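The structure under discussion appears below in the form of structure tokens.
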Amino acid sequence: DQQVKQNSPSLSVQEGRISILNCDYTNSMFDYFLWYKKYPAEGPTFLISISSIKDKNEDGRFTVFLNKSAKHLSLHIVPSQPGDSAVYFCAASPRGGADGLTFGKGTHLIIQP
Amino acid sequence: EAGVAQSPRYKIIEKRQSVAFWCNPISGHATLYWYQQILGQGPKLLIQFQNNGVVDDSQLPKDRFSAERLKGVDSTLKIQPAKLEDSAVYLCASSTLGKASGTDTQYFGPGTRLTVL
Chain A
7 DQQVKQNSPS
17 LSVQEGRISI
27 LNCDYTNSMF
37 DYFLWYKKYP
47 AEGPTFLISI
57 SSIKDKNEDG
67 RFTVFLNKSA
77 KHLSLHIVPS
87 QPGDSAVYFC
97 AASPRGGADG
107 LTFGKGTHLI
117 IQP
Chain B
608 EAGVAQSPRY
618 KIIEKRQSVA
628 FWCNPISGHA
638 TLYWYQQILG
648 QGPKLLIQFQ
658 NNGVVDDSQL
668 PKDRFSAERL
678 KGVDSTLKIQ
688 PAKLEDSAVY
698 LCASSTLGKA
708 SGTDTQYFGP
718 GTRLTVL
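Chains A and B are the protein sequences, given in the same order.
Count along the first sequence from 1, add 6, and you get the number used in this note's numbering.
Count along the second sequence from 1, add 607, and you get the number used in this note's numbering.
This is how it looks when you write it as structure tokens:
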């Protein structure tokens, strides 16, 4: 039973355009959501997070949107840069992140020049 | 500020052998986690410590996996005996409650890649 789903294994986007990565969840107890970026042979790097009391959080080129009724969140990267090429993981947790994270399988983002 | 440290970075062993991984969290982080990431999957929580006490070990295969966090700082994860399906990257993460946000954010180490032959 996969509680966090990233249905796109890979996504190819042209440099300078917008990248949109999607994530769906099924557990209504999740109230804190995070995106991590992972390069090969490195651990996941925290990118941005959002609490369920918000529907949008922005940090520079990265914006996360949360639609609680649809149990859906998305990560927007604008503009996309070559260094953004990586695997992106969506993660969720109940109790504001005080518990362990449940991860999706990841989306491999490829930024093409 | 130093990040989460893990060693070794790579380990190759034969099945039925034992292996241990070490983690040093970010200074001051009370909560420490061990995750297992199998190729093509997202990380899966194995165990969570708060200081030196276990908060959640419901997904830890206790017949072969053990973990400890003595003195509430460093932690070790042990597998004995190892099976072929234990081949994975073992990630350690630490977190502390953000006073402003009231939320915990986990920061990960580089991981240990284990290959069981």
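Quick reminder that beta carbons are idealized off the backbone N, C-alpha and C, glycines included.
The structure displayed is predicted, hence computed values, not measured ones.
Return the CA-CA distance between B:Val626 and B:Gln687, expressed in angstroms with no decimal places.
7 Å
For A:Leu107 versus A:Tyr94, is the C-beta spacing smaller than 9 Å?
no
Proximal chain A residues relative to B:Pro717, where beta-carbon distance stays under 8 Å:
Ala47, Glu48 and Gly49
Mapping the DSSP letters down to three states, classify A:Arg101 as helix, strand or coil.
helix
Do you know whose CA, among A:Pro119, A:Ile117 and A:Lys111, lies nearest A:Gln8's CA?
A:Lys111
Comparing the C-beta of A:Ser34 with each C-beta of chain B, is any distance below 9 Å?
no
Beta-carbon contacts of A:Leu27 that lie in its chain and below 7 Å, excluding the five residues immediately before and after
Leu17, Ser80, Leu81, Tyr94, Thr113 and Leu115
According to the Cβ coordinates, are A:Lys62 and A:Tyr31 closer than 9 Å?
no
Excluding five sequence neighbours on each side, which residues of the same chain lie with their C-beta closer than 8 Å to the C-beta of B:Gly620?
Inspection of the sequence shows that residue 620 of chain B is occupied by Ile rather than by Gly. So the list reads Val626, Ala689, Leu721, Thr722, Val723 and Leu724, once near-sequence residues are dropped.
Would you say B:Arg623 reaches chain A, if we count a Cβ-Cβ gap shorter than 9 Å as a contact?
no
Out of A:Arg23, A:Asp90, A:Pro100 and A:Val70, state which residue places its alpha-carbon closest to the alpha-carbon of A:Trp41.
A:Val70
Quick check on the DSSP output: the beta strand (DSSP E) that includes B:Lys685 runs from which residue to which?
Ser682 to Ile686
Residues that B:Thr703 contacts on chain A, provided the C-beta gap is smaller than 9 Å:
Those within 9 Å of B:Thr703 in chain A number zero; the least Cβ separation is about 11 Å.
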